[in-house]
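Notes follow the structure.
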Ligand SMILES: [Zn+2]
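Residue numbers (this note's numbering): 104 to 171.
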C-alpha cells in the first residue's frame, strides 16, 4: 500500500495508529474558481496549533465524552 499520508504543511508522515490529525475535505462548488474540484488536506496537530494561532477568532471547541 503506497498511500502514505503526510501533513500537507510540514510533510511529516502521519501514523494513524500513533497520532490524530486534522482532515479537511472540500468539494468546491459553482461560486468558486475550482468548481468540480474535490480537495483533501491533512494537517498534523503541531501545524494545526500553529495555524490556529493565526486565526483572529477562536475555534469553537467543545469537550466530547470519549466512549472507551
Ligand atoms: Zn505538520
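No residue lacks a Cβ here, since even glycine has one placed at the ideal position from N, Cα and C.
Asked: First through last residue of the alpha helix (DSSP H) which encompasses residue 155; Found: 148 to 155
Asked: Three CB pairs or more closer than 8 Å across the region 145 to 154 and the region 124 to 131; Found: yes
Asked: Coil, strand or helix - residue 123 by DSSP; Found: coil
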